[in-house]
Structure formats: C-alpha cells, structure tokens
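J.: Residue numbers (full-length UniProt numbering), protein chains in the order written: chain A, 1 to 506; chain B, 1 to 113. Don't be surprised by glycine CBs; every beta carbon is placed ideally from N, CA and C.
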Amino acid sequence: MTSAYAATPGGLLLVLAVMLPAAAVLAMLVLGPRRTRVVALATLALGLVVALAIGLELVRSGTALIYVLGNWQPPLGIALRADGLSVMMLAVTAVVMAATGLFARDLFGLDLATADGRLGTSFWTLLMGLWSGLNLVFVSQDLFNLYVALELLTFAAVPLVCLDGRGETMAAALRYLMFALLGSMLYLLGAGLLYGAYGTLDIRLIASASQHGPAMAIALALMIPGLLAKAALFPLHLWLPPAHAGAPAAASAVLSALVIKAPVFLILRLVADIAPPGSAAVAGQVLAVLGAASILFCSIMALRQERLKLMIAYSTVAQIGYLFIVFPLAGVGDGTAPWGTIAWTGGALQLTSHALAKAAMFMAAGIVAEAVGHDRIRDLGGFGRAPPLPPPTFGWAGLSLMGIPPSGGFIAKCLLLTAAAIGGHLWLALTILAGGLLAGGYVFPVMDRALATPAEPLLLRKPIPLRLELVPLVLAVLAVALGFLPLAPFGLLQIGRPDIALAVSP
Amino acid sequence: MSAIALTSASLFGLCGAALVGIGLFCILTHPDLLRRIIGFNILGAGIFLVFGAVARRGAAMGLSGDPVPQAMVITGIVVAFAATALAIALLRRLASLTGSATLEAATPPRSET
C-alpha cells in the first residue's frame with residue numbers, strides 16, 4: 001500500500017479553516033460574554049479570507065489540497081483533503097456564515113435586552129462551533145474523524161434550535177437530538193465494521209481496496225440511513241419543520257442552508273467514492289425514490305402550511321430531495337465517472353443556490369416576524385409596505401427555488417431535467433417539473449399577500465434598520481446571479497477527482 | 001490459541017450485536033424520553049463492544065489488541081457522555097417548562113395532520 005497522500009503547499013489552510021472557528025470558541029470563553037460578538041465577527045472576516053485563499057490555491061494548482069496531520073500517513077494517521085466539491089462547500093459555507101453574522105449582529109441589536117445578553121452570547125459561540133464542524137466534514141478523509149465532526153455539528157445545532165427557551169422549541173430540539181443521535185450511532189457502527197474489514201478508516205484507501213465483502217454492503221446500509229436521518233430526507237424529515245421553524249431567524253438560516261448539507265455531502269462521498277459499483281447503483285436508485293417522494297410530499301405539505309416559517313422549512317425538505325435524484329441521473333454505479341456529467345454539476349448548483357436562497361428566505365421571514373410580531377401567512381396582507389425589502393428578497397429567492405430563469409436554481413433544475421431526458425428517466429423528469437410547479441404554488445401566495453391591500457394596515461412593533469434588510473436581499477440576488485455563470489463550477493468540480501474523470505469526460 | 005482468540009472475539013461481537021438490538025428496541029418503542037436516552041447508551045455500549053471485537057480480531061503479532069479501535073472507543077465514550085448530558089439537560093428544561101417528559105404530550109398538534 002503506497003502512501004496516498006503528500007501534503008501540498010496550501011494544505012495548512014485546511015487546518016486553519018477548521019481550527020479558526022474552534023479557536024474563536026475558546027477565545028470567547030477566555031474573554032467573556034461581553035466580547036463574543038467582536039470575536040465572532042473578526043473570525044467570520046478571517047474565515048472568509050481563508051476560504052477565498054483555499055479557492056485561489058485550488059484553482060492555481062489545479063489539484064486537490066492535502067494536509068496530513070502530524071505527518072502520520074493513513075492508514076494510521078488522518079488526512080485532510082479538499083477537492084473541487086469540498087472547496088465549493090467551504091466557500092458557500094463561508095459566504096452564508098458571514099451573511100448570517102452581519103444579520104445576527106443587527107437582529108440581536110434590535111432589543112436592548114438581547115443585545116449583549118445570554119441569547120447573543122450562546123448564538124455566537126454555537127455559530128463558531130457549527131462552522132468548525134461543517135468545515136471538518138467537508139475536508140476530512142477519515143471516517144471516525146467525520147463522526148466526531150458530525151457530532152460537533154449536532155451539539156452546536158441542537159441548542160441553536162431552542163435558543164429562545166420556550167417549551168415548544170425545547171421539544172423540537174429534543175426531537176432533533178433523538179434523530180441526530182440515532183443517525184450518528186448507526187454511522188459509527190458502520191464505520192467500525194469498515195475498520196474491521198479494511199483495517200483503515202481512510203476514504204481513499206478503502207475505495208482503492210481490490211475487493212469488497214459483505215461488510216461493505218452492511219456498513220453502507222447502516223451509514224446511509226443514519227445520515228439520512230440527519231439530512232431529513234422523507235420519511236425521516238419529521239423533526240425538521242418544527243426545529244427549523246422554531247429557531248431564531250439567524251439560526252434557521254444556517255441550519256436550513258448549511259447544516260443539513262453536511263450529511264448530504266457525506267452520503268455523496270460514500271455512494272460516489274467508496275461504494276463498489278453494484279452497491280452504488282442500488283443505493284442510488286433507493287435514494288432517488290426517496291428524493292422524489294421528498295420533493296412531491298413535502299412540497300404539498302409546504303402548500304398547506306399556515307405559518308411562513310413552517311412553509312419555508314417544508315420547502316427545505318423538498319429542495320433537499322433534488323440532491324438525491326442526482327445519483328441515477330449522474331450514472332453513479334454504472335462504471336463511468338459521475339462527476340463528469342451534467343447531472344453532477346446540476347446537483348452542485350442546486351446545493352449552492354438552495355443554500356443562498358433558503359438563508360435569504362429565512363432571514364426575510366425573520367424580519368417580517370420581528371416587525372409584525374407573527375408569521376401567519378393569512379394575516380400578513382400588505383406586509384410589502386412596511387419593511388420594504390423582505391418581499392423582493394422573498395421573490396428573488398423564490399425564483400431560484402421554483403427554477404425560473406435566469407436564477408441559479410433554474411440552471412440546476414434545467415441540467416437535472418436534461419440529464420433525466422437524455423437518460424430516459426421519465427418519472428424523474430416529471431418529478432422535477434412537478435416540484436417546480438408546486439414550489440410556485442407555495443411562493444406565489446406569499447407574494448400575493450405582500451402586494452395585497454389590507455383592510456386595516458399592519459401594525460409594526462418596531463422599526464427595522466435598512467442594513468438588516470439588505471443582508472438577505474444580497475444573498476437572494478447572489479442565488480439568482482449564480483444562473484449567469486453556469487459553466488464555471490463545471491471545471492472546478494473536477495479538480496482533485498480521480499484520473500478516470502479526465503479519461504471519461506468529453 | 002488462535003481458535004480461542006477467535007471465539008472470544010466472536011462472543012464479544014455477538015454480545016455487542018445483542019446490545020445494539022436492545023438499544024434500538026428501547027429507542028424506537030418507548031415514548032418516554034429518559035428511557036430513550038438510556039436506550040442510546042445501551043446502543044452505544046453495544047457499538048463499543050463491536051469495536052472491541054474488531055480490535056481483538058485485528059491484533060498484530062505479539063499484541064493483545066489493535067490499539068486504534070480502542071482509541072476510537074475512548075473518543076466515542078466521551079462523545080456519548082456529552083450527548084447524554086445535553087439530552088438530559090434539555091429534558092430537564094422541557095419537564096420544568098411543560099411538566100411532561102415525552103414529546104407526544106409536549107408538542108402541540110402537529111401541523112401536518
């Protein structure tokens with residue numbers, strides 16, 4: 001077994017991406033609650049620079065960034081590795097995190113009681129923990145290390161759900177914790193079985209093993225459902241709507257846009273990188289069926305919601321479904337390299353545009369709830385008059401969710417639809433189209449409420465500073481602007497993928 | 001010698017599998033959250049036992065066990081402890097807010113019904 005990893009010059013940046021937020025958490029503990037906000041905002045700025053540097057280094061060198069911790073080579077040591085897909089995730093995470101930071105600073109500043117109180121302090125600490133966990137999921141190559149990252153993510157995400165401390169959100173947080181713990185336990189058992197069969201936990205070393213026994217199939221059958229529980233794919237989505245709808249707006253934005261993408265990313269790695277072709281094809285088919293069910297069922301659930309935040313949360317489960325129908329469309333498991341296909345690019349674009357659009361939508365809904373005092377869609381008539389920017393934000397983000405040109409969501413769904421048509425997957429093509437129509441069904445009524453003339457004008461509880469409204473608008477515009485650079489991610493996503501990708505892709 | 005080692009490893013593996021089964025049953029069938037948390041701990045114990053069996057099977061020449069799974073079990077125990085502490089803290093808060101220790105009674109009628 002030759003050593004699969006040689007550290008690259010920019011590899012230390014990956015350590016920085018993981019450790020910077022972790023160091024910030026420690027600094028917050030040392031410096032005390034009064035300075036958490038300053039530390040967090042400084043870290044967000046630094047982290048954005050680190051993500052940018054990683055991206056530039058990747059494009060400059062054209063190969064994956066690698067760092068071998070303590071110079072202990074796998075199979076014993078742990079390697080960090082960032083290929084094109086990881087770097088894309090790191091970048092999206094950094095952008096959404098920075099936007100959330102700016103948003104939260106003004107949101108918590110609205111009330112003097114929460115300006116520097118416990119709510120804000122907990123939020124900033126948890127946000128940094130979340131970021132560290134997310135970055136680790138995106139770059140780690142070691143299955144046990146990934147387990148620790150997933151748990152870090154859970155422990156940071158669950159308290160974010162119940163920040164306001166009401167009984168209702170406490171129950172939502174506990175339900176989330178139960179699903180997440182069961183998921184990580186199953187994942188851990190699978191990782192143990194893989195170690196028993198292969199003597200290593202390194203993803204690339206396991207993937208390069210010449211033959212796979214039944215242990216691989218059993219491990220995948222444990223790990224993938226475990227991760228699905230964390231990713232909230234239908235029918236394991238029950239915890240998500242109350243949890244994401246009950247959290248404060250800034251927390252909902254990161255939970256919905258980023259946190260559930262981490263297990264999805266891991267499933268992609270497991271199915272596309274580790275699984276032998278036969279298992280991958282079966283897993284891909286099952287995941288696609290669940291994904292399609294997710295799109296249809298949860299879009300209809302979103303249509304029926306009476307509260308704005310619950311509707312957005314159901315829409316998240318529906319949009320996650322698109323990421324799972326990528327597997328058969330990209331031909332995972334039929335011997336070709338999936339990352340060379342248009343469906344793979346479509347999936348990556350869907351992931352990015354959904355992250356931006358959903359964060360924007362939750363923030364806009366948060367502003368409305370803050371200004372009006374509730375988020376019952378029926379009673380929101382004319383909410384477009386008071387704080388002026390949330391309705392356009394909602395509309396722009398909605399464009400991307402529905403897949404209306406020229407948004408990023410349109411390009412993503414168009415690529416998936418084309419792949420479905422070429423591959424002859426008629427049922428998937430119909431699902432994509434139906435999902436788009438249903439998304440229109442739940443976005444337009446909200447826009448209608450925004451433009452309606454109410455019988456009596458809405459009472460505003462408090463003035464909303466313009467700066468607060470600008471952050472989500474910028475995110476929503478970014479989600480739409482993604483539609484103007486459809487071919488840029490195509491090359492980026494191939495960097496660091498195994499060589500067969502170059503041989504197969506035209 | 002190897003036959004004896006194999007037998008004890010298999011025994012530990014089977015015990016681990018049984019504990020995983022008991023833990024899963026406990027988590028899935030009991031509405032009471034405290035019982036579920038205990039179930040998670042039983043499930044975790046089963047998984048750690050499987051890790052132990054894996055360590056014994058993979059033992060190199062002259063060693064009684066492969067140290068890597070043992071290191072993972074130690075980390076796993078710490079993580080499981082933290083998870084239990086978080087769950088108990090949330091549960092206590094839930095119980096003091098709503099007077100109930102189950103999710104079924106605590107949540108208002110779910111909107112999807």
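A/F297 to A/M223, Cα distance in whole Å?
T.: What you label residue 297 of chain A is simply residue 297 of the first sequence in a count that begins at 1. What you label residue 223 of chain A is simply residue 223 of the first sequence in a count that begins at 1. Roughly 24 Å between the two C-alpha positions.
J.: Determine the DSSP secondary structure at A/L460, reduced to helix, strand or coil.
T.: By 1-based counting over the first sequence, the position of residue 460 of chain A is 460. If DSSP states are grouped into helix, strand and coil, A/L460 belongs with coil.
J.: If I follow the unbroken alpha helix (DSSP H) through A/R269, where does it start and stop?
T.: What you label residue 269 of chain A is simply residue 269 of the first sequence in a count that begins at 1. Its alpha helix (DSSP H) spans residues K261 to R269.
J.: Just list the residues that DSSP pairs A/L65 with in beta bridges.
T.: In the first sequence, counting from the first residue as 1, residue 65 of chain A sits at position 65. Paired residues: A/A82.
J.: Less than 8 Å between CB atoms is the rule here; does B/L19 satisfy it with respect to chain E?
T.: Absence of chain E from the displayed structure is noted, the protein chains being A and B.
J.: Return the first residue and the last residue of the alpha helix (DSSP H) that A/S315 is part of.
T.: Residue mapping note: residue 315 of chain A aligns to position 315 of the first sequence, counting from 1. Run containing A/S315: L308 to F324, per the alpha helix (DSSP H) assignment.
J.: Taking the alpha carbon of A/G96 as the point to measure from, which residue in A/P390, A/Q73, A/W344 and A/K358 has its own alpha carbon closest?
T.: For the purposes of this step, residue 96 of chain A is taken as residue 96 along the first sequence, with counting starting at 1. Residue 96 of chain A is actually Val in this sequence, not Gly. Among A/P390, A/Q73, A/W344 and A/K358, the Cα nearest to that of A/V96 belongs to A/K358.
J.: How big is the Cα-Cα spacing for A/H354 and A/V474?
T.: Here residue 354 of chain A is taken as the residue at index 354 of the first sequence, counted from 1. Here residue 474 of chain A is taken as the residue at index 474 of the first sequence, counted from 1. A/H354 and A/V474: Cα-Cα distance of roughly 14 Å.
J.: Give the straight-line distance between the Cα atoms of A/R105 and A/A22, rounded to the nearest whole angstrom.
T.: Sequence index remark: in the first sequence, residue 105 of chain A carries index 105 (1-based). Sequence index remark: in the first sequence, residue 22 of chain A carries index 22 (1-based). Their Cα atoms are separated by approximately 20 Å.
J.: CA-CA distance, B/P109 and B/R93?
T.: Indexing the second sequence from 1 puts residue 109 of chain B at position 109. Indexing the second sequence from 1 puts residue 93 of chain B at position 93. Confidence at B/P109 is low in this model, with a pLDDT of 45, below 50, so the placement of that residue is unreliable and no value is reported for it.
J.: Do A/T316 and A/S256 have their C-beta atoms within less than 8 Å of each other?
T.: As a working note, residue 316 of chain A is residue 316 in the first sequence. As a working note, residue 256 of chain A is residue 256 in the first sequence. Yes; because the gap between Cβ atoms is below 8 Å, this pair is in contact.
J.: Just the chain B side, please: which residues come within less than 8 Å of A/V158 by C-beta, in chain order?
T.: Translated into positions along the first sequence, residue 158 of chain A becomes position 158. Here the neighbours are L86 and L90.
J.: Tell me the DSSP bridge mates of residue 114 of chain B?
T.: What the structure shows of chain B is the stretch from 1 to 113, and residue 114 of chain B is not part of that stretch, so it cannot be assessed.
J.: Using a beta-carbon distance below 8 Å, is B/I38 in contact with chain A?
T.: Here residue 38 of chain B refers to the residue found at position 38 when the second sequence is read from its first residue. Output row for B/I38: interface = no.
J.: When you check each C-beta in the stretch 168-182 of chain A against every C-beta of chain B, which residues fall closer than 8 Å?
T.: So the close ones are E168, M170, A171, A172, A173, L174, R175, L177, M178, L181 and L182.
J.: Return the chain-ordered list of same chain residues with a C-beta closer than 6 Å to the C-beta of A/G441, the five sequence neighbours on each side being excluded.
T.: Against the first sequence, residue 441 of chain A aligns to sequence position 441. Result list for A/G441: L303, in chain order.
J.: When you compare each of A/W396, A/W72, A/A79 and A/A348 to A/S140 by their alpha carbons, which one comes out closest?
T.: Residue 140 of chain A sits at position 140 when you count from the first residue of the first sequence. Checked all of A/W396, A/W72, A/A79 and A/A348; the closest Cα to A/S140 is A/A79.
J.: Tell me which same chain residues have a C-beta within less than 6 Å of the C-beta of A/M216, skipping the five on either side of it?
T.: Start at 1 with the first residue of the first sequence, and residue 216 of chain A comes out as number 216. There are no such residues.
J.: Thinking C-beta only, is A/L13 closer than 8 Å to A/I54?
T.: For the purposes of this step, residue 54 of chain A is identified with residue 54 of the first sequence, where counting begins at 1. For the purposes of this step, residue 13 of chain A is identified with residue 13 of the first sequence, where counting begins at 1. Taking 8 Å as the Cβ cut-off, A/I54 and A/L13 qualify as a contacting pair.
J.: For chain A, is any of its Cβ atoms less than 8 Å away from the one on B/R56?
T.: Position 56 of the second sequence, counting from 1, holds the residue named residue 56 of chain B. By this cut-off, B/R56 is not an interface position.
J.: Along chain B, in chain order, which residues have C-beta atoms closer than 7 Å to that of A/V25?
T.: As a first step, residue 25 of chain A must be located in the first sequence, where it is residue number 25. Result: empty, since nearest Cβ-Cβ is about 14 Å, beyond 7 Å.
J.: DSSP three-state label for A/D499, please.
T.: The residue given as residue 499 of chain A occupies position 499 in the first sequence. Bear in mind that a pLDDT of 44 at A/D499, under 50, signals an unreliable position, so the model cannot answer this.
J.: Where A/D164 and B/L97 are concerned, what is the direct C-alpha to C-alpha distance, given to the nearest angstrom?
T.: Numbered from its first residue, the first sequence carries residue 164 of chain A at position 164. Numbered from its first residue, the second sequence carries residue 97 of chain B at position 97. Rounded to whole angstroms, A/D164 to B/L97 spans 13 Å at the Cα level.
J.: For the candidate residues A/L493, A/G381 and A/A360, whose alpha-carbon lies nearest to that of A/A99?
T.: Position 99 of the first sequence holds residue 99 of chain A. Selected option, being the one with the closest Cα: A/A360.
J.: Which bits of chain A does B/R93 rub up against, with CB to CB less than 7 Å?
T.: Here residue 93 of chain B is taken as the residue at index 93 of the second sequence, counted from 1. Those within 7 Å of B/R93 in chain A are M170.
J.: Do the stretch 412-425 of chain A and the stretch 303-312 of chain A meet, that is, are 3 or more Cβ pairs less than 8 Å apart?
T.: Not touching, per the Cβ criterion.
J.: How many Å lie between A/G10 and B/M72 at the Cα?
T.: Residue mapping note: residue 10 of chain A aligns to position 10 of the first sequence, counting from 1. Residue mapping note: residue 72 of chain B aligns to position 72 of the second sequence, counting from 1. Roughly 29 Å between the two C-alpha positions.
J.: Do the stretch 189-207 of chain A and the stretch 268-282 of chain A make contact, defined as three or more Cβ pairs closer than 8 Å?
T.: The stretch 189-207 of chain A is in contact with the stretch 268-282 of chain A.
J.: Going by C-alpha to C-alpha distance, which of A/I432, A/P405, A/I377 and A/V59 sits closest to A/A318?
T.: For the purposes of this step, residue 318 of chain A is identified with residue 318 of the first sequence, where counting begins at 1. Ranking the options by Cα distance to A/A318, first place goes to A/I432.
J.: Do we get a CB-CB distance below 8 Å when we pair B/L97 with the residues of chain A?
T.: Within the second sequence, the letter at position 97 stands for residue 97 of chain B. It does; some Cβ of chain A falls within 8 Å.
J.: Out of B/G16, B/T29 and B/G44, which has the shortest C-alpha to C-alpha gap to B/I77?
T.: Working through the second sequence from its first residue, we reach residue 77 of chain B at position 77. Comparing Cα-Cα distances from B/I77 to each of B/G16, B/T29 and B/G44, the minimum goes to B/G44.
J.: Taking 8 Å as the limit between beta carbons, can you name the residues of its chain near A/F484, skipping five residues before and five after?
T.: The count along the first sequence starts at 1 and reaches residue 484 of chain A at position 484. Contacts found: P406.
J.: Could you spell out the range, first to last residue, of the alpha helix (DSSP H) harbouring A/T204?
T.: Walking along the first sequence from the start, residue 204 of chain A turns up at place 204. According to the sequence provided, residue 204 of chain A is Arg. The question's Thr does not apply to it. A/R204 -> alpha helix (DSSP H) spans I203 to A207.
J.: Can you tell me which of A/F138, A/L181 and A/F144 puts its alpha carbon nearest to the alpha carbon of B/S82?
T.: Within the second sequence, residue 82 of chain B is the residue found at index 82, counting from 1. The identity of residue 82 of chain B in the sequence shown is Ala, whereas the question assumes Ser. The shortest Cα separation from B/A82 among A/F138, A/L181 and A/F144 belongs to A/L181.
J.: Once the 5 residues before and after A/A293 are set aside, which same chain residues still bring their CB inside 6 Å of it?
T.: Looking up residue 293 of chain A in the first sequence gives position 293. Cβ within range, chain order: F234.
J.: Could you pull out every residue in the same chain whose Cβ sits closer than 6 Å to the Cβ of B/A80, ignoring the five residues on either side in sequence?
T.: The residue labelled residue 80 of chain B in the question sits at position 80 within the second sequence. G44.
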